[in-house]
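Visitor:
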Amino acid sequence: MPKAHAAAADTSCGMIWFFERQQARLSYEIRRATEGTEYELVITHPDGSEQVEAFTDATVLMERSLRLRDALLSQGWRVPDARPRQARRIAV
Numbered sequence: 009m010p011k012a013h014a015a016a017a018d019t020s021c022g023m024i025w026f027f028e029r030q031q032a033r034l035s036y037e038i039r040r041a042t043e044g045t046e047y048e049l050v051i052t053h054p055d056g057s058e059q060v061e062a063f064t065d066a067t068v069l070m071e072r073s074l075r076l077r078d079a080l081l082s083q084g085w086r087v088p089d090a091r092p093r094q095a096r097r098i099a100v
């Protein structure tokens with residue numbers, strides 16, 4: 009019987025969340041640091057400036073990400089509507 013091999017998770021890609029408030033746009037990204045085993049949470053502010061926070065523990069990073077999301081939502085930031093907007097309603 010062949011042995012099962014555990015595959016390592018692909019951690020090369022990150023996740024990006026987008027928010028908008030009126031005409032302003034803000035995003036934050038979770039990614040692996042370019043060197044080492046750390047993670048980064050990168051906040052891109054509406055003026056284009058970036059704020060980088062480094063984490064060695066993925067659980068702490070996720071907790072921070074959830075707190076950030078909740079804070080943004082409570083400040084009036086919203087996730088953009090991912091559905092295409094219809095110019096007109098089609099009668100069925």
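Okay, so the sequence shown: first residue is 9 according to the numbering used here, each after it adds one.
Where a beta carbon is used, it is the ideal one built from N, C-alpha and C, also for glycine.
From a predicted model like this one, the values you see are computed outputs, not experimental measurements.
Within this structure, are the beta carbons of Ser73 and Thr52 separated by less than 8 Å?
Guide: Against the sequence shown, residue 73 aligns to sequence position 65. Against the sequence shown, residue 52 aligns to sequence position 44. No. Outside cutoff.
Visitor: On the criterion of 16 or more Cβ atoms from any shown chain inside 10 Å, does Leu49 qualify as buried, or is it exposed?
Guide: For the purposes of this step, residue 49 is identified with residue 41 of the sequence shown, where counting begins at 1. It is buried - the Cβ of Leu49 has at least 16 other Cβ atoms within 10 Å.
Visitor: Candidates Thr64, Ala32, Gly56 and Gln30: which alpha carbon is nearest Ala41's?
Guide: As a first step, residue 41 is located in the sequence shown; it is residue number 33 there, counting from the start. When each option's Cα is compared against that of Ala41, the closest is Thr64.
Visitor: Alpha carbon to alpha carbon, how far is Ile38 from Leu80? Give it in angstroms, no decimals.
Guide: Translated into the one-based positions of the sequence shown, residue 80 becomes position 72. Translated into the one-based positions of the sequence shown, residue 38 becomes position 30. Their backbone Cα atoms lie some 16 Å apart in a straight line.
Visitor: Quick check: the Cα distance between Ala66 and Phe27, rounded to an integer number of angstroms?
Guide: Taking the first residue of the sequence shown as position 1, residue 66 is located at position 58. Taking the first residue of the sequence shown as position 1, residue 27 is located at position 19. Their Cα atoms are separated by approximately 23 Å.
Visitor: Return the chain-ordered list of same chain residues with a C-beta closer than 6 Å to the C-beta of Arg96, the five sequence neighbours on each side being excluded.
Guide: Taking the first residue of the sequence shown as position 1, residue 96 is located at position 88. With a pLDDT of 49 at Arg96, under the threshold of 50, the modelled position of that residue is not reliable, and the figure given next carries that caveat. The answer is none, since no qualifying residue turns up.
Visitor: How close, in whole Å, do the beta carbons of Trp25 and Arg86 come, if the pair is a contact with beta carbons under 8 Å?
Guide: Within the sequence shown, the letter at position 17 stands for residue 25. Within the sequence shown, the letter at position 78 stands for residue 86. With 8 Å as the limit, Trp25 and Arg86 do not qualify as a contact, their Cβ atoms being about 12 Å apart.
Visitor: Look up Arg96 in the DSSP assignment and say whether it is helix, strand or coil.
Guide: Here residue 96 is taken as the residue at index 88 of the sequence shown, counted from 1. Per-residue confidence for Arg96 stands at a pLDDT of 49, beneath the threshold of 50, marking its modelled position as unreliable; no derived number is given.
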